[in-house]
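Asker:
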Amino acid sequence: MRPVGGRQRRQSAEAAMRGGGRAQGAELRPVAEAAERGGGRTQRRQGAEVAGRVPVPGSAMRSAEGEYHRGMRLFTGDRCGRDYDAAARSFRLAAGRGHAQAQFTLAQCYMKGGMGVPQNHIEAAHLLRLAADQGFADAQCLLGFLCEHGKGTKRDLGEAVRLYRAAAAQRDVRALARLGVCLEKGRGVAQSEAEAAASYAAASELGGAAALFESGVQDNEAFGERSAPESFTLQLAVSELALAARLGHAGAVEKLASISSRREVVSACCLGCGATRELRLCSRCRVAAFCDGDCVRRMWPAHKPCCKQWQADAAATEE
């Protein structure tokens with residue numbers, strides 16, 4: 001097996017930051033192309049008149065691309081020492097020049113905190129909006145999740161569905177799965193089991209189960225184990241694993257079973273879909289929370305061991 005080179009490591013790191021939302025082989029539409037199709041040509045003609053005194057969109061975007069890749073090298077420690085603070089500065093420079101991937105990556109840093117920037121969900125939502133407005137599917141999906149749960153922005157289920165649809169149109173598997181949940185449960189859109197099934201099927205065909213499981217495990221291992229139960233990153237990990245299980249990933253059920261041993265976690269979000277609002281406690285153990293009976297039934301294999309243990313603990317306490 002050939003050793004992995006720096007370029008391959010950098011590509012892998014970038015894929016990890018994007019979260020694997022698209023189907024394998026799908027290519028990101030370069031942000032520079034959007035500038036070319038928009039007002040870039042007019043501004044370049046105007047810039048030519050002043051002989052380069054005013055940076056034109058093309059050169060600005062090339063500079064932003066360079067800053068973004070520099071940030072990724074600093075973030076991963078590729079060919080240099082890992083430095084989250086310096087990486088965040090590079091991401092911020094690139095984001096300020098309209099680089100959608102940098103805006104998305106910096107937003108993730110703000111969501112998780114401790115990676116060169118403090119945790120700030122409001123700033124994360126702002127950056128995601130900038131990237132989403134450029135048609136960046138990963139940002140559209142994650143911003144939809146924030147809108148659905150009212151984190152860093154006001155809760156707006158209709159806007160969440162709109163963003164999921166926009167990302168789903170670009171074959172983003174995470175958005176297809178989340179749209180399926182909204183359609184299945186009637187969140188922000190008229191309930192439609194047929195449309196929900198079609199959305200789930202499309203996500204499955206594009207490898208959504210494996211992609212969601214991988215990103216859920218990564219988020220949980222990197223942040224969840226040391227996060228507070230109310231941590232939004234941990235809740236995001238639970239929702240990704242729940243969606244992977246919904247798409248038929250057997251390993252996701254086992255992973256959720258291990259996470260569900262944390263009483264405070266399963267009390268904060270639905271083990272079946274990751275919902276954080278309008279929850280009700282399991283009628284047996286009175287510890288784990290679910291959004292409805294369907295999630296209880298589907299996730300019973302993952303919840304059953306802890307549920308029985310908590311029932312036994314409660315009975316022993318009463319005695």
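Numbering (my numbering) for the sequence shown: 1 to 319. C-beta atoms are modelled at their ideal positions from N, C-alpha and C, and glycine is treated no differently.
Decide if E148 is buried, meaning its Cβ has at least 16 other Cβ atoms within 10 Å, or exposed.
Answerer: By the neighbour-count rule (16 or more Cβ atoms within 10 Å), E148 is buried.
Asker: Please name the residue or residues paired with F290 in a DSSP beta bridge.
Answerer: Its beta-bridge partners are R280.
Asker: With DSSP as the reference, label D219 as helix, strand or coil.
Answerer: D219 falls in the helix class under three-state DSSP.
Asker: Is the segment 241-257 touching the segment 212-222 in the sense that three or more CB pairs, one from each, lie closer than 8 Å?
Answerer: Yes, they touch.
Asker: A169 and A184 - do their beta-carbons sit closer together than 8 Å?
Answerer: Correcting the residue type first, residue 184 is Glu in the shown sequence and not Ala. For E184 and A169, no; Cβs fall outside 8 Å.
Asker: Please name the residue in G152, A194, A211 whose C-alpha comes closest to that of A175.
Answerer: Minimum Cα distance to A175 is reached at A211.
Asker: Give the DSSP-derived three-state secondary structure of D78 in the structure shown.
Answerer: Coil, per DSSP.
Asker: Are there 16 or more other CB atoms within 10 angstroms of the CB of K255, so buried, or fewer, so exposed?
Answerer: K255 is buried by the Cβ-count criterion.
Asker: I need the boundaries of the alpha helix (DSSP H) containing F136, first residue and last residue.
Answerer: Segment: none, F136 is in no alpha helix (DSSP H) and carries neither H nor E.
Asker: For the candidate residues R246, T153, T317, whose alpha-carbon lies nearest to that of E123?
Answerer: The candidate whose alpha carbon is nearest that of E123 is T153.
Asker: Apart from the five residues on each side of it in sequence, which residues of its chain come closer than 8 Å, Cβ to Cβ, to G113?
Answerer: Counting only Cβ-Cβ distances below 8 Å, and skipping sequence neighbours, we find Q119, N120.
Asker: Does the beta-carbon distance from G209 to G248 come in below 8 Å?
Answerer: One detail in the question is off: residue 209 reads as Ala in this sequence, not Gly. In this structure, G248 lies closer than 8 Å to A209 by Cβ.
Asker: How is the alpha helix (DSSP H) around S258 delimited, first residue to last?
Answerer: Start and end: 250-259.
Asker: May I ask you to verify whether the segment 299-313 touches the segment 257-272, counting CB pairs closer than 8 Å and requiring at least 3?
Answerer: The segment 299-313 vs the segment 257-272: in contact.
Asker: Would you mind stating whether L143 and Q103 have Cβ atoms separated by less than 8 Å?
Answerer: No. Outside cutoff.
Asker: Using the C-alpha atoms, what's the distance from V238 back to G98?
Answerer: The straight-line gap from Cα to Cα measures roughly 31 Å.
Asker: Beta-carbon separation of C273 and V181 under 8 Å?
Answerer: A contact, by the Cβ cut-off of 8 Å.
Asker: Can you find the residues in the same chain that come closer than 8 Å, C-beta to C-beta, to A312, ignoring five residues on each side of it along the sequence?
Answerer: Once the five neighbours on either side are set aside, A312 has no close Cβ partner at all.
Asker: Check whether the Cβ atoms of R187 and L157 lie closer than 8 Å to each other.
Answerer: Yes, the pair counts as a contact, with Cβ atoms nearer than the cut-off.
Asker: Just curious, the alpha helix (DSSP H) that K304 is in, first and last residue?
Answerer: 300-318 is the span of the alpha helix (DSSP H), which, as asked, contains K304.
Asker: Tell me whether S267 sits in a helix, a strand or coil according to DSSP, three-state version.
Answerer: In the structure shown, S267 sits in a helix (DSSP, three-state: H, G or I).
Asker: By Cβ distance, which residues of its chain are closer than 6 Å to Y110, with the 5 residues on each side in sequence left out?
Answerer: Answer for Y110: V117, N120, E123, A124, listed in chain order.
Asker: Mapping the DSSP letters down to three states, classify V189 as helix, strand or coil.
Answerer: Correct three-state label for V189: coil.
Asker: What does a CB cutoff of less than 6 Å around F232 pick up in its chain, not counting 5 residues either side in sequence?
Answerer: Answer for F232: K151, listed in chain order.
Asker: Would you mind reading off the limits of the alpha helix (DSSP H) that contains D320?
Answerer: Residue 320 lies beyond the stretch modelled for the chain, which goes from 1 to 319, so this question has no answer here.
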